[in-house]
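Numbering (the working numbering), first residue to last: 1 to 261.
Notes to accompany the following structure.
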């Protein structure tokens, strides 16, 4: 790890993911929580209460129960909506963080179809190329066991802040674009064995110039609501490691504030 941190270029040994997928990871985390867990619960409003905050909405624990701390692990625009009443300033600041959407075409391509010199972990497409894809990731080359040995699982990323107009097209049109991109960049000639399109709407926060100052202002505004916490990839980093670090820091702060018997 120390060598990788000092190295320049791609850090291939940093590509890590659970073998069973992200759902397995989340289930393991949930199983370690000793408190009650409620799924399918929608919170639409946070209101001040004498002993903390009350949550209103539909589902368990939105029936008037009071909570000492509330942690919002949401996109900033979702957190902004819930904070409109209890902290209008923090709400406005969170809402001002812009987001981009993307579409990901997932293609199962015969390994023999990809040119040997194009076999890699992935490709980032420079804007100057004026292509319809932002990047192409060969997921099964990064993470073993994702598909049969004679197949390569390829993800083609489209849209984003650079080409948002592409997302106005229907799924089949975007899949056709993805097939065209893999043909031109990877040499693929035949149709994929399997394909699927996934859309991520308003999922990618944009760290524009001045973002660090905005985060400072958000934290100052949240200081007026000391038992409301906002975490997620719109704050200190878009990657999973950065989200984990912020989550740990927040959980430690909450635990330290709870009186011990």
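Heads up, the beta-carbon is just placed ideally off N, CA and C, and yes, glycines get one too.
Being a predicted model, the structure only gives us computed values, none of them experimental.
Reduced DSSP secondary structure (H/G/I, E/B, other) of residue i
i	result
residue 199	strand
residue 44	strand
residue 119	coil
residue 245	helix
residue 52	strand
residue 205	strand
residue 97	coil
residue 138	strand
residue 238	coil
residue 125	coil
residue 262	The question about residue 262 has no answer, for the chain in this structure spans 1 to 261.
residue 35	coil
residue 91	helix
residue 210	coil
residue 78	helix
residue 181	helix
residue 253	helix
residue 85	coil
residue 18	coil
Residues that residue i bridges to, as DSSP identifies them
i	result
residue 59	In the DSSP output, where bridge partners are listed per residue, residue 59 has none listed.
residue 151	110
residue 229	71
residue 158	103
residue 66	54
heavy atom of the ligand MG below 7 Å from residue i C-beta
i	result
residue 59	Looking at this structure, you won't find the ligand MG or any other ligand, since it has none at all.
Residues of its chain near residue i, where Cβ-Cβ distance is below 7 Å and the 5 sequence neighbours each way are ignored
i	result
residue 202	75, 77, 99, 101
residue 224	87
residue 114	152, 186, 187, 188
Contacts around residue i, its chain only, beta-carbon distance under 6 Å, and the 5 residues preceding and following it disregarded
i	result
residue 106	155, 196
residue 236	242, 246
residue 254	69
Rounded Cβ spacing between residue i and residue j (contact assumed at less than 8 Å)
i	j	result
residue 73	residue 231	5 Å
residue 53	residue 46	5 Å
residue 108	residue 153	6 Å
residue 90	residue 82	Contact flag wrong, Cβ pair sits at about 10 Å.
residue 131	residue 181	7 Å
Whether residue i touches residue j by CB criterion (8 Å)
i	j	result
residue 234	residue 205	yes
residue 110	residue 171	no
residue 134	residue 160	yes
residue 93	residue 218	yes
residue 229	residue 71	yes
residue 118	residue 21	no
residue 56	residue 44	yes
residue 198	residue 104	yes
residue 19	residue 30	no
Cut-off 8 Å between Cβ atoms - residues of its own chain near residue i, not counting five sequence neighbours on either side
i	result
residue 65	54, 55
residue 264	The shown model of the chain, from 1 to 261, leaves out residue 264, and the question about it has no answer.
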